[in-house]
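Every number in this note's numbering is 39 more than the matching position in the sequence shown, counting from 1. As structure tokens, the structure follows; a few thoughts come after it.
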Amino acid sequence: MEISSTITETEPQKFALPVDSEHKATEFHLFSAAAPHMRAFHLSWISFFSCFVSTFAAPPLLPIIRDNLNLTATDIGNAGVASVSGAVFARIAMGTACDLFGPRLASASLILLTAPAVYFTSIASSPISFLLVRFFTGFSLATFVSAQFWMSSMFSGPVVGTANGVAAGWGNLGGGATQLIMPLVFSLIRDIGAVKFTAWRIAFFIPALFQTLTAFAILIFGQDLPDGNYQRLQNSGNKQKDKFSRVFYHGITNYRGWILALTYGYCFGVELTVDNIIAEYFYDRFNLKLHTAGIIAASFGLANLVSRPAGGVLSDMMAKRFGMRGRLWALWAVQTLGGVFCIILGQVGSLTASIVVMIVFSVFVQAACGLTFGVVPFVSRSMDYICLRSLGVISGMTGGGGNVGAVLTQLIFFKGSKYSKETGITLMGIMIVCCTLPIFLIYFPQWGGMFCGPSLEKIATEEDYYLSEWSSKEQGKGLHQASLKFADNSRSERGRRVHSQTLSSNATPSANV
40 MEISSTITET EPQKFALPVD SEHKATEFHL FSAAAPHMRA FHLSWISFFS
90 CFVSTFAAPP LLPIIRDNLN LTATDIGNAG VASVSGAVFA RIAMGTACDL
140 FGPRLASASL ILLTAPAVYF TSIASSPISF LLVRFFTGFS LATFVSAQFW
190 MSSMFSGPVV GTANGVAAGW GNLGGGATQL IMPLVFSLIR DIGAVKFTAW
240 RIAFFIPALF QTLTAFAILI FGQDLPDGNY QRLQNSGNKQ KDKFSRVFYH
290 GITNYRGWIL ALTYGYCFGV ELTVDNIIAE YFYDRFNLKL HTAGIIAASF
340 GLANLVSRPA GGVLSDMMAK RFGMRGRLWA LWAVQTLGGV FCIILGQVGS
390 LTASIVVMIV FSVFVQAACG LTFGVVPFVS RSMDYICLRS LGVISGMTGG
440 GGNVGAVLTQ LIFFKGSKYS KETGITLMGI MIVCCTLPIF LIYFPQWGGM
490 FCGPSLEKIA TEEDYYLSEW SSKEQGKGLH QASLKFADNS RSERGRRVHS
540 QTLSSNATPS ANV
């Protein structure tokens with residue numbers, strides 16, 4: 040698999056992949072492990088995968104755990120909400136940590152801090168202790184932010200959607216893989232001779248160990264940026280150390296980040312919700328065996344192997360032809376269709392139909408996640424690898440929005456017995472359709488929005504847009520130079536004409552949908 044973009048400048052051959060003026064890779068070679076770009080890719084998705092496995096290791100074993108700990112439907116619902124609620128603030132904090140300290144240290148530290156909670160699951164003895172270990176384990180899902188930050192730091196605009204989509208999609212595979220892994224590990228331990236109430240506890244040592252090992256791999260083999268780690272670049276003067284207040288301010292005052300946080304709450308947030316409920320739903324509604332229900336539930340998460348990466352690829356393809364406006368239209372259309380299929384899933388009554396609709400639904404809702412992070416790298420006006428002023432905050436806000444959506448959806452539709460699960464699924468689909476509509480409001484002066492073209496007055500170029508966050512004093516110090524490079528490299532968001540003609544910095548954007 041290889042996706043290429045035109046290189047506008049000749050660069051020294053110091054990297055295994057072709058790079059742009061920021062040393063971000065302009066090609067994405069899926070099966071390469073070349074340092075630093077592709078090595079960062081593989082470390083990011085594998086570590087995120089391990090955290091997904093740990094966070095959702097409990098749901099496929101719930102029929103056993105609930106009998107052992109005497110969990111009620113309310114207890115199970117509260118634990119499910121807890122597993123995704125902690126990551127709401129953890130993701131925002133992770134974004135800021137990435138901005139200030141780099142994705143390598145930020146992600147490895149969080150993974151090591153949350154691994155003990157996975158080990159402690161094996162000694163849970165009450166509904167409260169079960170809720171607490173799920174809550175603290177769920178913090179590890181904030182590694183999603185570091186993964187997206189890392190990819191946006193390593194890959195250039197024309198392929199960043201693909202890199203983000205594949206890294207997150209393969210990481211999200213953990214949510215499906217754990218539906219297969221945990222019942223299998225449980226069965227093996229039980230067959231060796233352990234009683235079932237002991238076997239499920241021992242099984243949790245597998246995801247805990249896996250998660251721990253990925254953290255050490257990041258520390259040993261990872262690199263923050265194409266040119267090195269944050270600390271070394273700051274010490275050498277090649278990277279300016281930014282202030283937390285400035286980083287945070289420029290992130291939270293960009294309305295586009297808030298809209299993407301809302302819409303992401305009803306694609307990724309829905310995915311988290313389904314990961315928590317789907318095995319139990321098939322087990323109870325269709326009277327299936329635990330292992331069978333786990334296999335069906337796994338198919339939802341395993342669709343991430345292709346669906347979320349496909350969303351990233353589609354975003355880049357639409358941008359190449361239609362610019363940023365193409366990315367926005369594709370995101371709205373795919374996520375809305377995901378909502379429609381979610382509604383249908385709640386209405387069908389046969390096992391076969393439910394499985395088919397669930398798989399189609401999973402493809403669309405997961406592709407929407409990939410499409411979202413095809414837009415995110417262009418939101419902050421200082422998203423370059425040397426001056427990553429607000430990339431982490433925007434990524435954290437959007438990622439946190441996914442967890443907020445999961446928390447609200449589970450609290451409203453799947454906590455207790457107010458709604459049956461099939462009714463809750465239908466209402467969740469309606470929420471997806473409604474919460475996708477604000478994408479209509481996203482507008483970039485230099486590229487336009489879904490219904491409007493680029494501005495012909497005031498700010499209408501990439502340079503003006505990305506430099507508007509830098510004060511005249513900062514520009515006087517030359518801190519804006521990297522943003523100029525990013526602005527130049529982001530001209531591809533104008534659409535197809537950027538590849539066929541040389542545009543001056545004051546040219547009128549020409550992409551039309």
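All residues carry an ideal CB built from backbone N, CA and C; glycine is no exception.
Separation of residue 194 from residue 427, as counted between CA atoms: Here the question's residue 427 lines up with position 388 in the sequence shown. Here the question's residue 194 lines up with position 155 in the sequence shown. Because the pLDDT at residue 427 is just 42, under 50, the model does not fix this residue reliably, and the point stays unresolved.
Every unbroken alpha helix (DSSP H) inside the region 85-160 [4 residues or more]: Every alpha helix (DSSP H) stretch that sits fully inside the region 85-160 and reaches 4 residues is listed by chain position as 101-108, 112-140 and 142-159.
The alpha helix (DSSP H) with residue 408 in it runs from where to where? The residue given as residue 408 occupies position 369 in the sequence shown. Here the alpha helix (DSSP H) through residue 408 covers 390-414.
Cβ-Cβ separation, residue 225 to residue 239 (assumed contact under 8 Å), whole Å: Here residue 239 refers to the residue found at position 200 of the sequence shown. Here residue 225 refers to the residue found at position 186 of the sequence shown. About 6 Å separates the two Cβ atoms, so the contact holds.
In chain order, which continuous runs of the beta strand (DSSP E) of length 3 or greater are located wholly inside the region 183-255? The DSSP assignment places no complete beta strand (DSSP E) segment of no fewer than 3 residues inside the region 183-255.
Reduced DSSP category for residue 362 - H, G, I as helix; E, B as strand; rest coil: Locating residue 362 in the sequence shown gives position 323, where the first residue counts as 1. Coil.
Which residues share a DSSP beta bridge with residue 81? Translated into the one-based positions of the sequence shown, residue 81 becomes position 42. For residue 81, which the question treats as bridged, DSSP gives no partner whatsoever.
If we ignore side chains and look at the alpha-carbon of each, how far apart do residue 266 and residue 494 end up? Counting from one through the sequence shown, the residue named residue 266 turns up at place 227. Counting from one through the sequence shown, the residue named residue 494 turns up at place 455. Cα-Cα distance, rounded: 36 Å.
Beta-carbon separation of residue 143 and residue 230 under 8 Å? Position 104 of the sequence shown holds residue 143. Position 191 of the sequence shown holds residue 230. No, the Cβ-Cβ distance between residue 143 and residue 230 is not below 8 Å.
Determine the extent of the alpha helix (DSSP H) in which residue 329 is found, giving its start and end residues. Residue numbering aside, residue 329 sits at position 290 when the sequence shown is read from its first letter. For residue 329, the enclosing alpha helix (DSSP H) covers residues 329-341.
To the nearest whole angstrom, what separates the beta carbons of residue 379 and residue 468, a pair I think is in contact under 8 Å? On the sequence shown, residue 379 is found 340 positions in, with the first residue counted as 1. On the sequence shown, residue 468 is found 429 positions in, with the first residue counted as 1. Sure, about 7 Å apart at Cβ, within 8 Å.
If residue 200 sits next to residue 355, beta carbons under 8 Å apart, how far is it from one beta carbon to the other, in whole angstroms? Here residue 200 is taken as the residue at index 161 of the sequence shown, counted from 1. Here residue 355 is taken as the residue at index 316 of the sequence shown, counted from 1. Indeed, because the Cβ distance is near 4 Å, the residues count as touching under 8 Å.
For residue 472, report the span of its alpha helix (DSSP H) as first-last. Working through the sequence shown from its first residue, we reach residue 472 at position 433. Per DSSP, the continuous alpha helix (DSSP H) segment holding residue 472 begins and ends at 460-475.
Quick check: the region 214-228 against the region 154-173, are at least 3 beta-carbon pairs closer than 8 Å? By the Cβ criterion, the region 154-173 is not in contact with the region 214-228, since fewer than three pairs of Cβ atoms, one from each stretch, lie closer than 8 Å.
Secondary structure of residue 372, DSSP reduced to three states: Residue mapping note: residue 372 aligns to position 333 of the sequence shown, counting from 1. DSSP, reduced to helix, strand and coil, places residue 372 within a helical segment of the structure shown.
Option in 169, 392, 190 and 213 with minimal Cα separation from residue 434: What you label residue 434 is simply residue 395 of the sequence shown in a count that begins at 1. Put simply, of 169, 392, 190 and 213 the residue whose alpha carbon is nearest the alpha carbon of residue 434 is 190.
Kindly list the residues whose CB is nearer than 8 Å to the CB of residue 298, restricted to its own chain and excluding five residues on each side of it in sequence; keep chain order. For the purposes of this step, residue 298 is taken as the residue at position 259 of the sequence shown. Cβ contact annotation for residue 298 (same chain, cutoff 8 Å, sequence separation greater than five): 477, 478, 480 and 481, in chain order.
Rounded to a whole number of angstroms, what is the C-alpha to C-alpha distance between residue 321 and residue 69? Working through the sequence shown from its first residue, we reach residue 321 at position 282. Working through the sequence shown from its first residue, we reach residue 69 at position 30. In this structure, the alpha-carbon of residue 321 lies about 35 Å from that of residue 69.
Quick check: the region 436-454 against the region 114-127, are at least 3 beta-carbon pairs closer than 8 Å? Counting C-beta pairs with one atom in each stretch, the region 114-127 and the region 436-454 have three or more that are closer than 8 Å, which means they touch.
Report the partner residues of residue 264 according to the DSSP bridge assignment. As a position in the sequence shown, residue 264 is number 225, starting the count at 1. 267.
Residue 58 bridges to which residues according to DSSP? Locating residue 58 in the sequence shown gives position 19, counting from the first residue. Looking at the DSSP assignment, residue 58 forms a beta bridge with 64.
Sorted by chain position, which residues of the same chain lie with C-beta nearer than 7 Å to residue 96's C-beta, five sequence neighbours on each side aside? Residue mapping note: residue 96 aligns to position 57 of the sequence shown, counting from 1. Once the five neighbours on either side are set aside, the close Cβ partners of residue 96 are 217, 221, 243 and 246.
So, do the region 362-382 and the region 298-313 have three or more beta carbon pairs nearer to each other than 8 Å? Under the three-pair Cβ rule at 8 Å, the region 362-382 counts as touching the region 298-313.
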